[in-house]
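Reading through the structure tokens given below for one structure.
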Amino acid sequence: MKPACSYAATHAASLADPAAFWLAQAQQLQWDTPPGEALFQDANGFYRWFKKGTLNTSFLCLDFHVQHGRGQQPALIYDSPVTNTQRTYTYGELLEMTARFAGGLRELGVALGDRVIIYMPNLPEAVVAMLACARIGAVHSVVFGGFAPHELAVRIDDAQPRVIVCASGGMEFDRIVAYKPLVEEAMAQATHQPAHVVVLQRDFVTAKMQPGRDVDYQELLQAEPVAAVPVPATHTLYILYTSGTTGRPKGVVRDHGGHAVALRFSMKAVYGLAPGDTMFAGSDIGWAVGHSYIVYGPLLQGCTSVLFEGKPVRTPDAGTFWRLVAQHKVQVMFTAPTAIRAIKKEDSEGLLARQYDLSSLRQLFLAGERCDPATYTWAGQLLGVPVVDHWWQTESGWPMLATMVGLEGMPPPRAGSAGFPVPGYNVQILDEEGAPVPAGVTGLVAVKLPLPPGCLPTLWNDDVRFREGYLKPFPGYYFSGDGGYRDTDGYCYIMGRVDDVINVAGHRLSTGEMEEILAAHPAVAECAVLGIADALRGQVPIGLVVLKDGQTIGEEAVEQELVSRVRTLIGALACFRSVLVVKRLPKTRSGKILRKTLRQLADGEGFAIPSTIDDPLILDEISAAFRRRAIGAAFEKAG
């Protein structure tokens with residue numbers, strides 16, 4: 001897709017007059033009631049977009065395209081190597097299923113503004129449930145399938161859904177996970193009790209049904225189809241919970257109007273995708289990437305979206321992503337750096353990729369965590385296409401920094417950098433007093449208000465937490481919680497959460513920079529650097545590394561080489577003296593390494609196990625490794 005206008009002019013226009021810029025973008029959508037005006041402030045002083053307009057996201061994703069001749073075009077390609085299933089759904093088929101399921105929800109008493117929790121793997125039926133909620137003005141909250149019952153119970157009590165939609169189970173490469181018992185346990189723990197549980201029975205696991213409360217998913221698909229209900233642009237589309245620093249999840253809110261305008265804009269400007277193109281986002285619908293770029297973004301733009309049920313490795317091998325790209329003629333692929341590192345770990349020579357015709361691929365986009373240059377370079381050399389590391393958050397819902405392939409005049413991607421501010425975002429690097437810092441100096445990443453459409457207007461039922469956490473640190477700004485810097489060429493670098501910038505004897509050092517050095521070692525698959533408490537220097541860094549499969553180098557030799565590299569490239573002032581080889585690193589289910597939790601573990605601080613952790617047992621393994629090596633204040637005392 002040829003870029004239509006320049007980045008510099010577009011970004012400047014978006015900041016000079018945000019209301020006019022986004023009102024023009026809003027005109028690209030079909031509104032039931034045109035908004036007329038763009039930007040407002042509510043009684044709390046929070047910014048809201050297009051509040052006088054009405055529309056419906058489900059209509060824009062489905063009905064609009066069917067009415068304009070795309071009814072036979074593939075909307076969703078479901079590819080599940082774990083169940084050996086593939087199926088393509090056209091826009092017409094997806095509309096029929098969605099309209100009927102929406103009718104079924106309405107028969108269960110779901111009305112405008114009611115909440116519905118969706119607890120399912122990456123299934124077409126989950127996408128239908130999301131779109132069906134949007135169709136009747138209900139608010140969906142997708143919870144990652146297989147999440148622990150306690151965490152599901154917390155979300156039930158916070159969202160207070162009228163209905164839960166779940167699958168009977170999910171399949172991993174080595175096991176079956178029955179979901180219905182987890183739902184039952186969560187409901188036993190929760191105070192709020194949903195009126196109904198809708199269950200999709202899967203072939204490999206059958207859920208026990210409770211008469212009078214439980215309903216078969218397929219029954220709802222037999223209901224009479226219903227039309228999309230126009231709702232105010234500020235009406236809540238969904239709640240997406242993200243882990244908070246207290247261990248209590250935050251319910252990020254997204255609205256119909258601003259969300260649709262922003263995602264439609266991003267599909268063209270950021271990703272360069274036109275109607276009819278195919279996008280594959282290697283994520284899960286339980287996360288922000290899945291919401292934005294498996295479901296809503298591609299469907300708003302009239303694209304084909306690949307819905308993948310599986311993992312980047314072992315389903316069946318580390319070539320599964322490349323097989324998807326080749327088989328489904330994917331133009332743009334989006335995944336997390338951790339997925340690429342997992343592939344690299346099992347196929348470091350890229351032999352599996354060379355088995356497939358990847359000529360359709362135009363770009364690989366990476367986000368979710370900072371991409372180290374070693375991984376960035378490996379992917380670019382393997383695929384022969386631009387690799388675009390870009391930065392955004394669950395809170396923003398769409399990219400804040402990127403190299404926008406749909407706009408001309410963009411400088412090329414640069415290893416280690418997340419690119420440049422996306423139109424609508426006035427990204428600033430501030431010191432602790434809120435003053436801008438010079439180029440090359442690491443500071444705190446903030447975005448000048450107003451945030452563009454699509455970003456969270458507040459948190460679900462928690463305006464106070466929204467103000468305290470995001471707006472209070474720097475008045476007039478949204479505080480991202482990340483640290484970073486801008487170089488003299490204007491490229492922005494996100495170095496990780498603020499608590500990943502450590503102070504060693506008065507020197508502010510980036511653990512992200514140290515991680516780059518460790519990751520560049522040929523034996524290292526992935527790594528994390530922590531700043532742990534030190535009585536003399538305040539903090540000192542330690543490295544945790546996972547080695548690539550098949551390495552013959554000894555752990556002691558690797559540790560010595562890595563310490564030497566950091567001391568050579570950063571200096572003795574870094575006080576980098578400890579490296580620990582571990583089998584795996586604790587991560588969230590979306591692939592982010594839990595660095596803060598690791599630091600708290602080493603320092604002997606109390607902490608709540610994050611609700612998004614993939615496998616809590618990993619923390620026990622790391623704790624034992626710390627103890628063996630007397631790493632960290634708590635273990636030194638114990639020793």
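Numbering (UniProt numbering), first residue to last: 1 to 639.
Backbone N, C-alpha and C fix where the C-beta goes; we use that ideal spot for every residue, glycine too.
- Apart from sequence neighbours up to five positions away, the residues of its chain that approach Glu96 with a beta-carbon distance below 8 Å are Pro225, ordered along the chain.
- In the DSSP assignment, Phe334 falls within the beta strand (DSSP E) that extends over 332–335.
- For His256, the enclosing alpha helix (DSSP H) covers residues 256–269.
- In the structure shown, Met209 adopts coil according to DSSP, grouped into three states.
- Annotated as distal: Val385 and Met400, with beta-carbon spacing of 7 Å or more.
- Fully enclosed beta strand (DSSP E) runs of no fewer than 3 residues occupy 74–80, 85–90 of the stretch 48–106, in order along the chain.
- No Cβ-Cβ contact shorter than 7 Å links Leu459 with Gly476.
- Within the same chain, Thr54, Leu55, Asn56, Leu112, Gly137, His256 come within 8 Å of Val231 by CB-CB distance, once the 5 residues on both sides are set aside.
- Taking the Cα of Gly550 as reference, the smallest distance to any Cα among Ile294, Val154, Glu346 is reached at Glu346.
- Residue environment for Ala342: buried (at least 16 other C-beta atoms within 10 angstroms of its C-beta).
- Out of Val388, Lys329, Val229, the CA that lies nearest to the CA of Ile77 is found in Lys329.
- For Cys133, there is no enclosing beta strand (DSSP E); the residue is found in the alpha helix (DSSP H) stretching over 124–135.
- Cβ-Cβ separation between Phe479 and Ala446: approximately 5 Å, consistent with a contact (criterion under 8 Å).
- Here the C-alpha atom of Arg467 lies approximately 10 Å from the C-alpha atom of Gly45.
- Under the criterion of beta carbons closer than 8 Å, Thr315 and Val546 do not qualify as touching, at roughly 20 Å.
- By DSSP's assignment, Thr33 forms a beta bridge with Thr54.
- Across the structure, Val205 and Pro453 are spaced so that their CA atoms are roughly 42 Å apart.
- The beta carbon of His259 sits closer than 8 Å to those of Thr57, Leu237, Tyr296, Gly397, Pro453, Gly454, all from its chain and outside the five residues before and after it, given in chain order.
- In the three-state DSSP reduction, Thr458 falls in the coil class, being neither helix nor strand.
- Only residues of its own chain outside the window of five on either side were considered, and among them Leu509, Thr511, Gly531, Gln539, Pro541 have a CB closer than 7 Å to the CB of Ile502, listed in chain order.
- In the DSSP assignment, Ala167 forms a beta bridge with Leu200.
- Taken atom to atom, the span from the alpha-carbon of Pro18 to that of Gly424 is near 7 Å.
- A distance below 7 Å between beta-carbons, with the five flanking residues on each side excluded, links Asn122 to the following residues of its chain, in chain order: Asp284, Ile285, Leu307, Phe308, Glu309.
- Assignment of alpha helix (DSSP H) within the stretch 365–400, counting only whole runs of 4 or more residues, yields 373–383 in chain order.
- Pro298: member of the alpha helix (DSSP H) spanning 297–301, first to last residue.
- A direct Cα-Cα distance of roughly 15 Å separates Glu184 from Leu200.
- Around the beta carbon of Asp489, fewer than 16 other beta carbons lie within 10 angstroms, which makes this residue exposed.
- Between Ala374 and Val387, the CB-CB gap reaches or exceeds 7 Å.
- Bounds of the beta strand (DSSP E) holding Thr236 are 236–242.
- If you draw a 10 Å sphere on the C-beta of Cys166, you find 16 or more other C-beta atoms in it, and that means buried.
- Counted as a single uninterrupted DSSP element, the alpha helix (DSSP H) harbouring Ile622 occupies residues 617–629.
- Phe46 is bridged by DSSP to nothing; it lacks a bridge partner.
- Per DSSP, the unbroken alpha helix (DSSP H) holding Glu219 starts and ends at 217–220.
- The stretch 28–48 and the stretch 92–110 do not touch, with fewer than three beta-carbon pairs separated by less than 8 Å.
- Counting the other CB atoms within 10 Å of its CB gives Thr394 a total of 16 or more, which places it among the buried residues.
- With respect to the C-alpha of Ala281, the residue from Ala528, Arg628, Glu559, Phe321 having the closest C-alpha is Phe321.
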